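Notes to accompany the following structure.
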Amino acid sequence: MLIFALVDANSFYASCEISFRPDLAKRPVVVLSNNDGCIVAANQIAKDLANQHTQNYGSGGYASAKPTSMMFQPYFKVASFLERHNTAVFSSNYELYGDMSARMHRMLGEFAAAQEIYSIDESFLDLTGMTGLVGDLTAYAQMIKQKIHQGLGLPVAVGIGSSKTLAKLANHLAKKRVQFKGVLDLTAVSEDTLNALLKQVEIGDVWGVGRRYADKLVAMGIKSAYDLKVANIKTLRKQFGVIMERMVRELNGQACLTLEMVPPDKKQIVRSKSFGQPVHDLKKLEQAVATYAARAAEKLRQQHGVCQYLSVSIRTNPFKQDQPFYANHHAMGLVYPTDSTILITKLAKRLLKRIYQPGCAYHKAAVCLGEISVKGAMQLDVFAPDPQYSANPKSDALMSVMDKVNAKFGKGSLELASQGLKQKEQWAMRRAMCSPRYTTRIDEVMVVY
DNA sequence: TCTGGGGTCCTAGGACCC
DNA sequence: TCTGGGGTCCTAGGACCC
Numbered sequence: 006m007l008i009f010a011l012v013d014a015n016s017f018y019a020s021c022e023i024s025f026r027p028d029l030a031k032r033p034v035v036v037l038s039n040n041d042g043c044i045v046a047a048n049q050i051a052k053d054l055a056n057q058h059t060q061n062y063g064s065g066g067y068a069s070a071k072p073t074s075m076m077f078q079p080y081f082k083v084a085s086f087l088e089r090h091n092t093a094v095f096s097s098n099y100e101l102y103g104d105m106s107a108r109m110h111r112m113l114g115e116f117a118a119a120q121e122i123y124s125i126d127e128s129f130l131d132l133t134g135m136t137g138l139v140g141d142l143t144a145y146a147q148m149i150k151q152k153i154h155q156g157l158g159l160p161v162a163v164g165i166g167s168s169k170t171l172a173k174l175a176n177h178l179a180k181k182r183v184q185f186k187g188v189l190d191l192t193a194v195s196e197d198t199l200n201a202l203l204k205q206v207e208i209g210d211v212w213g214v215g216r217r218y219a220d221k222l223v224a225m226g227i228k229s230a231y232d233l234k235v236a237n238i239k240t241l242r243k244q245f246g247v248i249m250e251r252m253v254r255e256l257n258g259q260a261c262l263t264l265e266m267v268p269p270d271k272k273q274i275v276r277s278k279s280f281g282q283p284v285h286d287l288k289k290l291e292q293a294v295a296t297y298a299a300r301a302a303e304k305l306r307q308q309h310g311v312c313q314y315l316s317v318s319i320r321t322n323p324f325k326q327d328q329p330f331y332a333n334h335h336a337m338g339l340v341y342p343t344d345s346t347i348l349i350t351k352l353a354k355r356l357l358k359r360i361y362q363p364g365c366a367y368h369k370a371a372v373c374l375g376e377i378s379v380k381g382a383m384q385l386d387v388f389a390p391d392p393q394y395s396a397n398p399k400s401d402a403l404m405s406v407m408d409k410v411n412a413k414f415g416k417g418s419l420e421l422a423s424q425g426l427k428q429k430e431q432w433a434m435r436r437a438m439c440s441p442r443y444t445t446r447i448d449e450v451m452v453v454y
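Per the numbering used here, residue 6 is the first one in the first sequence, and the count goes up by one each step.
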């Protein structure tokens, strides 16, 4: 039997801050998002406080699957309430959290042969076959928990199960029920006990069940994790697809998901941020977009990628009822995939100009790089869409075609030409450029596009 | 006054090809 | 009765995660 452990830090951002300020341990602590917009982390004391006073500020505008009444509240709505209760409030410090996260994951990696770093504050560990080495897994997990606390001052909970979904679920219970003292090993309990525990977990708290699925499942009479475990797998498969089938199997202890020890490269890199103040001016918008583009390009180069798709979006504040709402985005494919900051920022600015409307109070901008591949592979892909041309992708003939295009229409004209083209049209253009049949018709190709 | 910033996967249907 | 059939690519939309 496979055995997975999920180690998850409690209220990670808040705990990081508390770690350096032990005097805060007995006070409510919250951490705010970018521009101090809303609450993204709250320690247990703050959460309890909020639960007692939910009616004071309602459930908030964010549709979160599993809302804790405190999380994602706009800060301004709860600021005075928090102040009355002597809450410590922090702006987010992502460098600190990133550093603490790296330390925690490094430490956790020491406790198992295999580790998957699942998120900033969660690791899956492979504990399969460890009982012979370490004996009781609950005791082992308690030891892990204590080491992390001693080393970093971070409280963590450990859930153990025979599938990732069960480990997640065990972690959830370990955090919620004080009697487990932060550790629950579902592989060590009897079937009856396991089922009794699953009955106590709301369907929406199962990993992979968001609000939409939860609503639908409840309507079908599936209200708890146990209900899902024993539900008819074929019916669910038909109605929800393969994801739900997998969840049912995982709940039954059949591991369908494996540990991913090497994080895959990103398929898409996004940099988006709301502004502290409304921005009207194109120049200022350009600055922001150029910065985001440069950061995204940096990230792209870190994974040795090149992007083939670029999009820029801007919007006004959707919460401002008294102002007209405007949101738009524009995308382009790049005939030459690139990781160049200069080119990417330049093209991003060009896209921005297409969607910018004077007179709007902009609130947010974003840059997205997509269709990312490893450098060498993408070159081949782009220069040789047909196998018959792939023998020598950088053949003299091809290069001369490109030289010819650039000479005739100016450097960068290919990017310009491909703006707004559909994927298919781009391929057609590339094929046209690569194919000896078309080399004499470059002028036509460029004119057409 | 003041409302986050990232990501992934699956599916259905249409276009197109042979 | 039954009006071809199989395959791929692309896109949009819907769901989820932290």
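Note that beta-carbon positions come from the ideal geometry of N, C-alpha and C, so glycine has one too. This structure is a prediction, so every number in the text was calculated from the model and none was measured.
Identify whether residue i lies in helix, strand or coil by the three-state DSSP scheme.
i: residue 349; result: helix
i: residue 155; result: helix
i: residue 67; result: Note that residue 67 has pLDDT 34, beneath the 50 cutoff, so the model's placement of it is unreliable and the number below is only indicative. In this structure, residue 67 counts as coil in the three-state DSSP scheme.
i: residue 37; result: strand
i: residue 395; result: Unreliable placement is indicated for residue 395, whose pLDDT of 40 sits below 50; the coordinate value is still reported in the next sentence. Three-state DSSP puts residue 395 in coil, outside helix and strand.
i: residue 447; result: Residue placement at residue 447 is flagged as unreliable, the pLDDT there being 45, under the threshold of 50; a coordinate-derived value is accordingly withheld.
i: residue 343; result: strand
i: residue 174; result: helix
i: residue 200; result: helix
i: residue 95; result: strand
i: residue 148; result: helix
i: residue 8; result: coil
i: residue 385; result: Since pLDDT at residue 385 reaches only 48, below the 50 mark, its modelled position is unreliable, and the value read off the structure follows with that caveat. Three-state result, residue 385: helix.
i: residue 364; result: coil
i: residue 139; result: helix
i: residue 19; result: helix
i: residue 336; result: strand
Tell me which residue opens and which closes the alpha helix (DSSP H) that residue i is part of.
i: residue 114; result: 99 to 114
i: residue 86; result: 80 to 89
i: residue 50; result: 49 to 57
i: residue 166; result: Per DSSP, residue 166 belongs to no alpha helix (DSSP H); it is in the beta strand (DSSP E), 161 to 166.
Going by other Cβ atoms of all chains shown within 10 Å of its Cβ, with 16 needed for buried, is residue i buried or exposed?
i: residue 389; result: Its pLDDT being 42, under 50, residue 389 is placed unreliably by the model, and the measurement read from it follows with that caveat. Buried is the call here.
i: residue 281; result: exposed
i: residue 303; result: exposed
i: residue 372; result: buried
i: residue 249; result: buried
i: residue 274; result: buried
i: residue 124; result: exposed
i: residue 188; result: buried
i: residue 17; result: buried
i: residue 266; result: exposed
i: residue 91; result: exposed
i: residue 160; result: buried
i: residue 363; result: exposed
i: residue 329; result: exposed
i: residue 237; result: exposed
i: residue 1; result: Outside the modelled stretch of the chain, which goes from 6 to 454, sits residue 1, for which no answer is possible.
i: residue 326; result: exposed
i: residue 480; result: Residue 480 is absent from the structure shown; the chain starts at 6 and stops at 454.
i: residue 176; result: buried
i: residue 229; result: buried
i: residue 145; result: buried
i: residue 215; result: exposed
i: residue 100; result: exposed
Excluding sequence positions up to five away, which residues of its chain have a Cβ less than 8 Å from the Cβ of residue i?
i: residue 7; result: 131, 133, 167, 168 and 260
i: residue 306; result: 344
i: residue 313; result: 338, 339, 342, 375, 376, 377, 378, 383 and 387
i: residue 226; result: 232
Taking 6 Å as the limit between beta carbons, can you name the residues of its chain near residue i, skipping five residues before and five after?
i: residue 300; result: 276
i: residue 29; result: 23 and 93
i: residue 369; result: 279 and 320
i: residue 213; result: 252
i: residue 194; result: none
i: residue 262; result: 169
i: residue 446; result: A caution first: residue 446 carries a pLDDT of 40, below 50, which makes its placement in the model too unreliable to give a value.
Go to residue i, then tell me how far its beta strand (DSSP E) extends in each direction, as first and last residue.
i: residue 314; result: 310 to 321
i: residue 127; result: 127 to 131
i: residue 375; result: 367 to 375
i: residue 121; result: 119 to 124
i: residue 327; result: That residue, residue 327, is in no beta strand (DSSP E); it is neither H nor E in DSSP.
i: residue 188; result: 188 to 190
Report all residues from its chain with a CB closer than 7 Å to the CB of residue i; omit the five preceding and five following residues, and keep chain order.
i: residue 19; result: 34, 35, 36, 46, 47 and 48
i: residue 241; result: 249, 250 and 253
i: residue 354; result: 291, 294 and 295
Inset, instruction - Could you pull out every unbroken alpha helix (DSSP H) segment of at least 4 residues lying fully inside the region 217 to 304, listed in chain order? - result: Whole alpha helix (DSSP H) segments, 4+ residues: 230 to 234, 238 to 245 and 247 to 256.
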